[in-house]
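Asks: Protein sequences, first through last, are from chains X and P. Per the numbering used here, residue 1 is the first one in the first sequence, and the count goes up by one each step. Per the numbering used here, residue 1001 is the first one in the second sequence, and the count goes up by one each step.
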Amino acid sequence: MRYLWFLLLLLPWVLSPFPYYLTLLNFFALSAMVALSLYVLTGLAGMTSFAQAAFMGMGAYATALVTLKLGLSPWLGLLAGLGSAFLLALLLGGLTVRLKGHFLPLSTIAWQVALYILAGNLVGLTGGHTGLTDLPPLGLFGIPLDTGLRYAFLTLFLLALLILALYNLRHSRIGRALLALRGDALAAASFGVDPAALRLKAFLLSGTIAGLAGFLYAHFLRFVNPTPFSLEASIKYLVMAVAGGVGSIPGVLLGAAFFTGLEDWLKDLLPLFLGRQGNYETIGYGLILALILILAPKGLWPLVERYLPSRDPGLPQGEPLSLRSPDGPRGEVVLEARGLQKSFGGLLAVAGVSFSLKRGEILALIGPNGAGKSTTFNLVAGALLPDRGQVYLFGQEITGLPPHRIHALGLGRTFQHPHLFPELTVLENAALGTHSRTRAGFFQALLGLSRKEEEQALATAYRALVRVGLESLALEKAERLSVGQQRLLEIARVLASGAEVLLLDEPGAGLRAQEKRELASLLRSLVREGYTVLIVDHDMDLIMGLADRVVVMNYGEKIAEGSPKEVQRNPLVRAAYLGEEEVA
Amino acid sequence: MDATILSFLLLDGLQNGVVYGLLALSLVLVFAVTRVILVPIGELLMFAPLSLVWLLEGKLPGTLWLALALGGAWALMDRGRGALLPLLGGVGLFLLFLVAQGRPFLAHGAAVLLVVYLGVATYRVFFQPMRGATVLSLLIMAVGLHVAYQGLGLVFFGPEQFRPAPLLSGEVMVGLSWQGVLVLLFAALSLAGLYLFFRFSLFGKALLAAAENRLGARLSGIRPEEAGMVAFGIASLLAALSGLLLAPLINAAYFMGFMLGLKGFVAAILGGLASYPVAFLGALLVGLFESFTSFYASAYKEALVFLLLVPALFYQSLRARTVEE
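1. On the premise that valine 1115 of chain P lies in contact with phenylalanine 1047 of chain P, defined as a C-beta separation below 8 Å, what is that separation, rounded to the nearest angstrom?
2. Counting along the chain, where does the beta strand (DSSP E) carrying aspartate 505 of chain X start and finish?
3. Return no unless some Cβ of chain P is closer than 8 Å to the Cβ of tryptophan 301 of chain X.
4. In or out: histidine 171 of chain X buried (at least 16 other Cβ within 10 Å) or exposed?
5. When the Cβ atoms of the region 29-44 of chain X are set against those of the region 244-257 of chain X, are three or more pairs found closer than 8 Å?
6. Could you have a look at isoleucine 292 of chain X and say whether DSSP puts it in helix, strand or coil?
7. Quick check: what's the CA-CA separation for valine 1305 of chain P versus leucine 1285 of chain P?
8. Flag phenylalanine 1292 of chain P as yes when its Cβ comes closer than 7 Å to any non-hydrogen atom of the ligand PLP, and as no otherwise.
9. Pull up the distance between the alpha-carbon of leucine 300 of chain X and that of alanine 241 of chain X, whole angstroms please.
10. Drop a sphere of 10 angstroms on the beta-carbon of leucine 601 of chain X, count the other beta-carbons inside from all chains shown, and report buried for 16 or more, exposed for fewer.
11. Residues of chain X with a CB under 9 Å from the CB of glycine 1017 of chain P: which are they?
12. State buried or exposed for isoleucine 366 of chain X, treating a residue as buried only when at least 16 other CB atoms are found within 10 Å of its CB.
13. Cα separation between glycine 46 of chain X and leucine 321 of chain X?
14. Using three-state DSSP, classify leucine 420 of chain X as helix, strand or coil.
15. Looking only at its chain, what residues have a beta carbon closer than 7 Å to the beta carbon of aspartate 539 of chain X, apart from the 5 residues adjacent to it on each side?
16. For valine 1323 of chain P, count neighbouring C-beta atoms within 10 Å of its own C-beta (all shown protein chains included) and say buried if the count is 16 or more, exposed if not.
17. If you count every other CB in all the chains shown that lies within 10 Å of the CB of aspartate 134 of chain X, and 16 or more means buried, which is it?
18. If we require 4 or more residues per run, which alpha helix (DSSP H) segments fall completely within the region 1269-1325 of chain P?
19. Check whether the Cβ atoms of glutamate 490 of chain X and threonine 414 of chain X sit closer than 8 Å, and answer yes or no.
20. From glycine 400 of chain X to isoleucine 406 of chain X, what does the alpha carbon distance come to, in whole angstroms?
21. Using the three-state DSSP reduction, which class does arginine 339 of chain X fall into: helix, strand or coil?
22. Here's the rule: buried if 16 or more other CB atoms are within 10 angstroms of the residue's CB, otherwise exposed. What is tryptophan 13 of chain X?
23. Using a 10 Å radius around the Cβ and a threshold of 16 neighbouring Cβ atoms, would you call phenylalanine 141 of chain X buried or exposed?
24. Counting along the chain, where does the alpha helix (DSSP H) carrying glutamine 366 of chain X start and finish?
25. Can you confirm whether tyrosine 217 of chain X, when its beta carbon is compared against all beta carbons of chain P, has any partner nearer than 8 Å?
26. Is the Cβ of glutamate 1212 of chain P closer than 8 Å to any Cβ of chain X?
27. Determine the burial state of phenylalanine 1186 of chain P: buried for a count of at least 16 other Cβ atoms within 10 Å of its Cβ, exposed for fewer.
28. In this structure, does DSSP put glycine 43 of chain X in helix, strand or coil?
29. Which residues in chain P have a C-beta closer than 9 Å to the C-beta of asparagine 225 of chain X? List them in chain order.
30. Between the region 1149-1164 of chain P and the region 1248-1265 of chain P, do three or more beta carbon pairs fall short of 8 Å?
31. Given alanine 1209 of chain P, which residues of its chain have a CB within under 8 Å of its CB, disregarding the five upstream and five downstream residues?
32. For a quick check, are the C-beta atoms of threonine 63 of chain X and leucine 78 of chain X less than 8 Å apart?
33. Below 7 Å CB to CB, which residues in the same chain sit around asparagine 378 of chain X once its five sequence neighbours on both sides are set aside?
34. Give the secondary structure of lysine 298 of chain X by DSSP, where H, G and I count as helix, E and B as strand, and everything else as coil.
35. Assuming valine 552 of chain X and isoleucine 559 of chain X make a contact with CB atoms under 8 Å, what is their CB distance in whole Å?
36. By Cβ distance below 8 Å, which residues in the same chain neighbour glycine 94 of chain X in space, the five residues on each side in sequence not counted?
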C-alpha cells in the first residue's frame, strides 16, 4: 500500500508536454516535503513550528554558499544544508522542549523573523535581498538535472521515499511513543518515554526534512533570496498541513497539492479582483485556516477518508518479546517508602508516611477523601517530587527520578482517571507498555528496520490483552471502551511492560459489581504468578476481600497498618471513617 | 557615547518599552483567561491610527466594514437577545463613523471604539467556537488571523506609511517630545487603572478567578465567554490607545503592528506568560535593549531583540521539571 506512492513518479511523464505544470509539480513536491516535516512535528509529536521556512532557508543558503563561494560539489552543499538545519533545530529545540507546549511555537516565530532579517541584511554573505544567483544544477550519474522534467523525477522520488520512511516511523515504537506523548505526556512517561528527549528528536527530524526541501528548492530555481523563507511562507506550509489534515500522511499531501494549486490561482486572481498588486493571498490563507479550524478541525482528509475502503491490519502473528517473568523470594521487600512528605502551598498533603511492599502481596493504601493517598501514590511513581523522604525500588533509591526512569526499573502504574489514547486501537494502547523493553531508535524506525521487533511488541501487547480478557476488542479504537474495560486495558498495558510491581490507582472506581469481582480474581491470579500489587482505593468491599495488608491514611499520616481484619477493628480507623469522636 | 546620546537612547527605549509593556500585559491577560496567544494584537494596534488617518481625510476606512462584517457574524451566531449587543454596537459604530469624518476629537474616539468592537468580535466569531481546543490549535488560529488581518490592512490602507499629527506637538527637551510624555503618562495611568480594576472591582476579580481556574470560576457563576470577551476588550483597548499615541512618533503602516506585537511577546515570554510585573519589566528591558542595539547595529536591531529570548528560555528550561499532566 505505502509503495503505491511511488506511482507519483508517473506524473512527470504525464505532464511532460506542459512545462508550466512541471514547475508546479516540483513546487508541489517541495511543499509536500515541508508539510510532511510538520506531520512529524504536529501530527505525531503534537508540537508546532512557525519556522519551517527558516529551516528551508538554512538548507538553501548553505548549499548556495558551499557551491558558489567555495566552489564545491552540490552534494557537499546537501551535507552542509542538512547539517545547518539540524543545528538550528538543536538550538531552538534544546531551549524549549522542556517548557510548556506554547513556548516552542512562539520562539519559532521570533527566530523565523530574526533569521529573515539576517538573510536580508548580511549582504556580504547572503547577497541581501537580491540574493545569490547561478547555483550549479544538480547532476546524477553524469546527467544534469536542469529541466523541470528531470528535476521532478528527483523531487518526487525523494518525496515517495520520505512518505515511505514516515509510514515506517508511524508504525513503530517511536511513532506510538510520539502519539502517546502528544495525547498525554504523563502516561507516556510512565511507560518509559523520555518526553523532552523524544520531542527534541522529532523537532530535529522535522527541521532536517525542511532543510532537505530547502536544498532542493535552491538547486531547482538555482537562485536564493530571503523571500521564500519568510514567516508568511512558514505559515503557508502550516496552513497546508492543517487544512489537509495534519494527523495523517495523505491529509498532509492533499493539503500541499490543494494549496500549491490554490496559491497559483489566488496570485493571479486577487490582484485582478482588488485592482492592485500585493501579497493578497495571505488573506485567503488566513481565512481558509480559520474556517477549517472551526468547521473541520481535523482537516479535509477525514472527510475524504470516510469514502475510502479501510483495510484491517489483522491481529499480530509474531512471537512475543521474551520478558523476564517475575521471580525472587516471596516476602522480600520490593518497594519501600521512608518518611515521605509533601506539601502544596500551606497544605501538608503527606506528612511522613512510611511503608514497605513485599513480593507477592497485595497491599492496599486506603483512607477517607483527602487523606493523601493519591499524593503518596504519585510520590512513589515519580509523578510528584517529595519534599522529604526516600523511595526504594528493589533496594535502589529512586527518589526524585522522573517517571520514565522509574518505569524502566520494573514499576508500572495505572491512573485514577484512565490515561488512554482514544484514537489509537486497544492493541496499540497496550503496546505502549512495551516501549522500554524495545530498542529501535529513530533511524531504524524510519528505515523500516524494526519490523520484527515491532511484531514482537504487538504480540506481547496482544498476549497481555488475552490475559485481562480484552482480546476480542484488540482492533477497536480505545474510545469505544467502557470504564471497566478501560481499567482492564490500563492493567494490560502494565503487564505488557514486564513490570513486576504494579501500582493501581483506584482500579475499582466506576466498575459494576460483576466487573469488580472479575478484577479481584485477575489481581489474585497475578499475585500468584509473582507480581506485587499496591492498590489505592476507597472501596472497602473490594479492598477487604482482596488485600493481604492494609495501610490506612488520614490527614496525610499513616494511622494504621495490618491485615484487613486488624485495621477494621482499629478504633482510629473507625474514627476516621465513621467520625466517632474521642475513641481513646 | 556622550550624555546627550545616552539620555536620548534611554528615553527612546523607555517610550517604546512602555508600549511593549502594555502589549505584554494584554497578551498575558488574554492568555490567562482564554489560552489564546493573541498574535494579531499588532494589527489591532495599527488599525487604530490608520483608521484615524482615513477618518480625518473624510473617508470611511475598510476596517469599519471588517468590524461590521464580524459583528454581523457575531449577531448571527448569538441570535435572540444575545444579538442585541453586536447589532446595537455595530449600528452605533457606523453612525459614529459617519459623524466623525473630519472631526479630530470624535475621530479619535471612533478609532478606539472600532478596534475594541473588532477585538471582541474576533473573540466571539473565531475563538469562542474553538472552546476546548488545544493551546496549539488556538495559536494556529491566532497566527492565521494575523496574516489575514495584515493582508486586509494592505488592502484597506495600502503600503504607504502615515504620520498622523501628534496630540501635543513640540519637545520638552532634546529627545523627548510632548507626545512621548503623553505615552509615558498613558502607560502609568493604564497600569494604575488595571491595578485598580483587578484589585477592587468585582468584575476584575472575577476575571482573575477565571484566569486562575476556569472550572471553579464557572461553578461560581462567571461565564467563561463573558470573561473572554472582556479580556479581548481590554487588550484591544490598550492596543488601540497605544497605537494612537505611538503613531505620530513612528510611521504607521499596515505591516508595522506585527513587530511591535512580537516584542510584546518577547517581554511576555520573559515573564513566562504568567507574571504581569515581570512581563512589564521585561518589556522595558526589551525597549532599552532595542534602543541601544539600534545605536550600535541598526540594521540588525529587530533581529537582536530576539536574542533576549535565549537566556530567558534557558532559565525557564532549567526550572521546569517532570511532566505536565
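Just so you know, even glycine gets a beta-carbon here, dropped at the ideal spot from N, CA and C.
Replies: By the coordinates alone:
1. Counting from 1 along the second sequence, the entry for residue 1047 of chain P is found at position 47. Counting from 1 along the second sequence, the entry for residue 1115 of chain P is found at position 115. Contact holds; Cβ gap of about 5 Å.
2. Along the first sequence, one-based indexing puts residue 505 of chain X at 505. Looking at the DSSP string, the run of the beta strand (DSSP E) that includes aspartate 505 of chain X is 501-505.
3. For this step, residue 301 of chain X is matched to residue 301 along the first sequence. Taking Cβ atoms only, chain P never reaches closer than 8 Å to tryptophan 301 of chain X, which makes this a no.
4. Reading the first sequence from its first residue, position 171 is the one you call residue 171 of chain X. Buried, since its Cβ has 16 or more Cβ neighbours within 10 Å.
5. yes
6. The residue labelled residue 292 of chain X in the question sits at position 292 within the first sequence. Reduced to three states, the DSSP call for isoleucine 292 of chain X is helix.
7. Here the question's residue 1305 of chain P lines up with position 305 in the second sequence. Here the question's residue 1285 of chain P lines up with position 285 in the second sequence. The straight-line gap from Cα to Cα measures roughly 10 Å.
8. Ligands are entirely absent from the displayed structure, and the ligand PLP is therefore not among its contents.
9. The residue you call residue 300 of chain X lines up with position 300 of the first sequence. The residue you call residue 241 of chain X lines up with position 241 of the first sequence. Near 10 Å, if we compare the C-alpha coordinates of alanine 241 of chain X and leucine 300 of chain X.
10. In this structure chain X extends from 1 to 584, so residue 601 of chain X is not present and cannot be described.
11. Against the second sequence, residue 1017 of chain P aligns to sequence position 17. Within 9 Å Cβ-Cβ: nothing; glycine 1017 of chain P doesn't reach chain X, min ~17 Å.
12. For the purposes of this step, residue 366 of chain X is identified with residue 366 of the first sequence, where counting begins at 1. It is buried - the Cβ of isoleucine 366 of chain X has at least 16 other Cβ atoms within 10 Å.
13. Locating residue 46 of chain X in the first sequence gives position 46, where the first residue counts as 1. Locating residue 321 of chain X in the first sequence gives position 321, where the first residue counts as 1. Glycine 46 of chain X and leucine 321 of chain X: Cα-Cα distance of roughly 29 Å.
14. Within the first sequence, residue 420 of chain X is the residue found at index 420, counting from 1. In this structure, leucine 420 of chain X counts as coil in the three-state DSSP scheme.
15. As a first step, residue 539 of chain X is located in the first sequence; it is residue number 539 there, counting from the start. Here the set comprises Gly508.
16. In the second sequence, residue 1323 of chain P corresponds to position 323, counting from 1. Residue placement at valine 1323 of chain P cannot be trusted, given a pLDDT of 46 that sits under 50; the coordinates are not used to answer.
17. Locating residue 134 of chain X in the first sequence gives position 134, where the first residue counts as 1. Looking at its Cβ environment, which holds fewer than 16 other Cβ atoms inside 10 Å, aspartate 134 of chain X is exposed.
18. 1276-1296, 1301-1304, 1309-1319
19. Position 490 of the first sequence, counted from the first residue, corresponds to residue 490 of chain X. Position 414 of the first sequence, counted from the first residue, corresponds to residue 414 of chain X. Closer than 8 Å, so yes.
20. Here residue 400 of chain X refers to the residue found at position 400 when the first sequence is read from its first residue. Here residue 406 of chain X refers to the residue found at position 406 when the first sequence is read from its first residue. Using only the alpha carbons, I get a separation of about 9 Å.
21. Residue mapping note: residue 339 of chain X aligns to position 339 of the first sequence, counting from 1. Note on identity: in this sequence residue 339 of chain X is glycine, with arginine being the wrong assignment. Note: glycine 339 of chain X maps to strand in three-state DSSP.
22. Looking up residue 13 of chain X in the first sequence gives position 13. It is exposed - the Cβ of tryptophan 13 of chain X has fewer than 16 other Cβ atoms within 10 Å.
23. For this step, residue 141 of chain X is matched to residue 141 along the first sequence. Flag for phenylalanine 141 of chain X reads exposed.
24. One-based indexing of the first sequence puts residue 366 of chain X at position 366. It should be noted that the sequence gives isoleucine, not glutamine, for residue 366 of chain X. No alpha helix (DSSP H) contains isoleucine 366 of chain X, which is instead part of the beta strand (DSSP E) from 362-366.
25. As a working note, residue 217 of chain X is residue 217 in the first sequence. No - not a single Cβ of chain P is within 8 Å of the one on tyrosine 217 of chain X.
26. In the second sequence, the residue the question calls residue 1212 of chain P occupies position 212. Not one chain X Cβ lies under 8 Å of glutamate 1212 of chain P.
27. Reading the second sequence from its first residue, position 186 is the one you call residue 1186 of chain P. Buried: at least 16 other Cβ atoms inside 10 Å.
28. Position 43 of the first sequence, counted from the first residue, corresponds to residue 43 of chain X. Helix.
29. On the first sequence, residue 225 of chain X is found 225 positions in, with the first residue counted as 1. What asparagine 225 of chain X touches in chain P: nothing, since even the nearest Cβ is about 17 Å away.
30. yes
31. Counting from one through the second sequence, the residue named residue 1209 of chain P turns up at place 209. Once the five neighbours on either side are set aside, the close Cβ partners of alanine 1209 of chain P are Gly1216, Ala1217, Ser1220, Ile1222.
32. Looking up residue 63 of chain X in the first sequence gives position 63. Looking up residue 78 of chain X in the first sequence gives position 78. Against a cut-off of 8 Å, the Cβ pair of leucine 78 of chain X and threonine 63 of chain X comes out as a contact.
33. On the first sequence, residue 378 of chain X is found 378 positions in, with the first residue counted as 1. Around asparagine 378 of chain X: Leu384.
34. For the purposes of this step, residue 298 of chain X is identified with residue 298 of the first sequence, where counting begins at 1. In the structure shown, lysine 298 of chain X sits in coil (DSSP, three-state: anything other than H, G, I, E or B).
35. Stepping through the first sequence from its first residue, residue 552 of chain X is reached at position 552. Stepping through the first sequence from its first residue, residue 559 of chain X is reached at position 559. About 5 Å; that satisfies the 8 Å criterion.
36. As a first step, residue 94 of chain X is located in the first sequence; it is residue number 94 there, counting from the start. So the list reads Leu200, once near-sequence residues are dropped.
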